[in-house]
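Colleague: Provided herewith is a single structure, encoded as C-alpha cells, for subsequent inquiry.
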Amino acid sequence: MRKLTLLLAATLALAACGGSDDDAPKGAATVQPTPSAASSSAAAPGSGTPSGRLRSMPEQLKFEGTTLDGKPFTGSNLAEQPVVFWFWAPWCPKCQSEGPAVAKVAERYKGRVSFVGIAGLDKSKDQMQKFVTRTGTGGITQLDDRGGDLYKHFKVTSQSSFLFMKRDGSADRASGPLGEDELEKHVKALAGG
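Using mature numbering (1 follows the signal peptide of the UniProt record, and there is no 0), the letters of the sequence shown correspond one by one to residues -15 to -1, 1 to 178.
In C-alpha cells, the structure reads:
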C-alpha cells in the first residue's frame, strides 16, 4: 500500500511539472528534467552539462529550486563534483544539534566537496532562516523546500538525512544525527581520501 501511495504521489508530482510557472507556489522547489549530455554539445564545467566522465546527467541532479535567499538554483550545476545533501527541518532537535558540525566540516572541505542544505517539512521560511542563523550553516547553499518537492525527488522521508553523492553520480545515504567525526569520515571518503 505504501509503495502504491508513493507511486501515486510521484505520478502526481510529475504531472504537476507540466503546468505553467504561475501554478507553482512562490519560493517552492520544482523538479524539472534537465537536458542530458547526449542531447547537447560539450560544455564548460559548472554549466549544467556533464563534460567529462559522465555520459548523462544523474537523475538526482535533475532538479531546480530556490535558495532561502530567493536565488534560483539548478542541480545540474553540481555535476561531476562530490556533493553532500543535508535534509533538515527547522523544528528538528537532531538537525539543530548537528548543524554546527555540518558547518565546520563544510568549511574544512570547501572547494573540494559541495554542501547543499535542503530545508523542508515546514511552511515557515522565517523559521528556516532563523535555523540557519542559529546553527551557523549560512556558509553553505540552503534550498527552500517548503513544498516538499526535493524531499520527494531524493526519496527522503525524514530529517535529518544525508545523501553523499560521488563525482560519478552514485550515492550513499545516512540518517542523522551525525556527529562531526562521523560526518567527516563520510566526507573524507567522498573527497577521495
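Glycine included, C-beta positions come from ideal geometry on N, C-alpha and C.
Within its chain, find whatever has a CB closer than 6 Å to the CB of residue 91; leave out the 5 residues flanking it on each side and keep chain order.
Modeller: Result list for residue 91: 100, 125, in chain order.
Colleague: How should residue 43 be labelled, buried or exposed, when 16 other C-beta atoms within 10 angstroms of its C-beta is the threshold for buried?
Modeller: So residue 43 ends up on the buried side.
Colleague: Is residue 172 closer than 9 Å to residue 117 when the C-beta atoms are compared?
Modeller: Cβ distance not < 9 Å, so residue 117 and residue 172 don't count as in contact.
Colleague: Taking C-beta to C-beta, are residue 80 and residue 74 nearer than 9 Å?
Modeller: Result yes, Cβ atoms of residue 80 and residue 74 sit closer than 9 Å.
Colleague: Determine the direct distance from the alpha carbon of residue 175 to that of residue 141, and round the result to whole angstroms.
Modeller: Spanning the two alpha carbons is a distance of roughly 20 Å.
Colleague: CB residue 59 to CB residue 48, shorter than 9 Å?
Modeller: Cβ distance < 9 Å, so residue 59 and residue 48 count as in contact.
Colleague: Going by beta carbon distance, what residues of the same chain come within less than 6 Å of residue 158, once the five residues before and after it are set aside?
Modeller: 148, listed in sequence order.
Colleague: For residue 152, which beta-bridge partners are listed by DSSP?
Modeller: Answer by DSSP bridge pairing: none, since residue 152 is not bridged.
Colleague: Work out the CA separation of residue 167 and residue 129 for me, nearest whole Å.
Modeller: In a straight line, the C-alpha of residue 129 is about 26 Å away from that of residue 167.
Colleague: For residue 103, list the residues DSSP reports as bridge partners.
Modeller: Answer by DSSP bridge pairing, in chain order: 72, 128.
Colleague: Which stretch, first to last residue, makes up the beta strand (DSSP E) that contains residue 164?
Modeller: From DSSP, residue 164 is part of no beta strand (DSSP E); its letter is neither H nor E.
Colleague: Just checking my contact of residue 183 with residue 122 at CB under 8 Å: how many whole Å lie between their CB atoms?
Modeller: Given that the chain is displayed from residue -15 to residue 178, the structure contains no residue 183 and the question cannot be resolved.
Colleague: Between which two residues does the beta strand (DSSP E) holding residue 48 run?
Modeller: Run containing residue 48: none; DSSP gives neither H nor E here.
Colleague: Grab the span of the alpha helix (DSSP H) containing residue 120 for me, first residue to last.
Modeller: Where residue 120 is concerned, the enclosing alpha helix (DSSP H) stretches over 110 to 120.
Colleague: Opposite residue 59 in the DSSP bridges: which residues?
Modeller: Bridge partners of residue 59: 49.
Colleague: Hey, would you say residue 143 sits closer than 9 Å to residue 162, going by beta carbons?
Modeller: No. Outside cutoff.
Colleague: I'd like to know whether the C-beta atoms of residue 164 and residue 86 end up nearer to each other than 9 Å.
Modeller: Taking 9 Å as the Cβ cut-off, residue 164 and residue 86 qualify as a contacting pair.
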